[in-house]
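Residue numbers (my numbering): 1444 to 1610.
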């Protein structure tokens, strides 16, 4: 009878040890999968950081004319991006956003590239000047706060939001 009790008592620690080893192996596997997916997500060109500088009206003060320059934006840091993938929106004094067209168009504003203009990309050192187009967005009687949003339409990401005062 004593011998049988010893065997029953010995089974419980063995099962507990096997369970602890199994739980440790499962936890190690879960942590490995989680850590490898984190490391995989941070590789490649996914971590591109942009820096833009926005300045108020460079080419004279806004007036009652409908073709005044409003702001100038220069890329200081970032990967080159094709002009076809750029969307530029402005908001004057927290008003409704307006989409600006490159060089010309039917909208209320347009933007013109400066810097290296013989390529199809916006790179470091290049920039844009945003103009009124057929509409007096900022008449010069007061200072106008211009909020600019630049979006990469291919990636579907906003790459910059800036503000400048046009006076």
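Glycine is no exception: its CB is placed at the ideal position from the N, C-alpha and C atoms. This structure is a prediction, so every number in the text was calculated from the model and none was measured.
Looking only at its chain, what residues have a beta carbon closer than 6 Å to the beta carbon of residue i, apart from the 5 residues adjacent to it on each side?
{"i": "residue 1553", "result": "1543, 1544, 1547, 1574 and 1576"}
{"i": "residue 1444", "result": "Model confidence at residue 1444 stands at a pLDDT of 49, short of 50, so the residue's coordinates are unreliable and nothing is read from them."}
{"i": "residue 1541", "result": "1533, 1551 and 1552"}
Across which residues does DSSP place residue i in a beta bridge pair?
{"i": "residue 1594", "result": "1530 and 1601"}
{"i": "residue 1525", "result": "1564"}
{"i": "residue 1574", "result": "1512 and 1553"}
{"i": "residue 1517", "result": "1496 and 1570"}
{"i": "residue 1608", "result": "1588"}
{"i": "residue 1543", "result": "1531"}
If you draw a straight line from the alpha carbon of residue i to that of residue j, how long is it in whole angstroms?
{"i": "residue 1586", "j": "residue 1609", "result": "6 Å"}
{"i": "residue 1581", "j": "residue 1538", "result": "12 Å"}
{"i": "residue 1588", "j": "residue 1570", "result": "19 Å"}
{"i": "residue 1549", "j": "residue 1511", "result": "16 Å"}
{"i": "residue 1516", "j": "residue 1572", "result": "6 Å"}
{"i": "residue 1463", "j": "residue 1480", "result": "26 Å"}
{"i": "residue 1523", "j": "residue 1605", "result": "19 Å"}
{"i": "residue 1497", "j": "residue 1556", "result": "14 Å"}
{"i": "residue 1472", "j": "residue 1456", "result": "24 Å"}
Among the options, which has the Cα closest to the Cα of residue i?
{"i": "residue 1594", "options": "1526, 1584 and 1549", "result": "1526"}
{"i": "residue 1509", "options": "1551, 1560, 1477 and 1456", "result": "1551"}
{"i": "residue 1533", "options": "1564, 1558, 1479 and 1499", "result": "1499"}
{"i": "residue 1599", "options": "1605, 1557 and 1529", "result": "1529"}
{"i": "residue 1584", "options": "1597, 1506, 1562 and 1565", "result": "1506"}
Determine the burial state of residue i: buried for a count of at least 16 other Cβ atoms within 10 Å of its Cβ, exposed for fewer.
{"i": "residue 1513", "result": "buried"}
{"i": "residue 1531", "result": "buried"}
{"i": "residue 1430", "result": "Since the displayed the chain opens at 1444 and closes at 1610, residue 1430 lies outside it and no answer follows."}
{"i": "residue 1458", "result": "exposed"}
{"i": "residue 1591", "result": "buried"}
{"i": "residue 1477", "result": "exposed"}
{"i": "residue 1535", "result": "buried"}
{"i": "residue 1668", "result": "Outside the modelled stretch of the chain, which goes from 1444 to 1610, sits residue 1668, for which no answer is possible."}
{"i": "residue 1482", "result": "exposed"}
{"i": "residue 1461", "result": "exposed"}
{"i": "residue 1607", "result": "buried"}
In chain order, what residues of the same chain have a beta carbon less than 7 Å from the beta carbon of residue i, not counting five sequence neighbours either side?
{"i": "residue 1567", "result": "1518, 1519, 1520 and 1521"}
{"i": "residue 1603", "result": "1493, 1495 and 1593"}
{"i": "residue 1578", "result": "1509 and 1551"}
{"i": "residue 1558", "result": "1568, 1569 and 1570"}
{"i": "residue 1475", "result": "none"}
What does a CB cutoff of less than 8 Å around residue i pick up in its chain, not counting 5 residues either side in sequence?
{"i": "residue 1561", "result": "none"}
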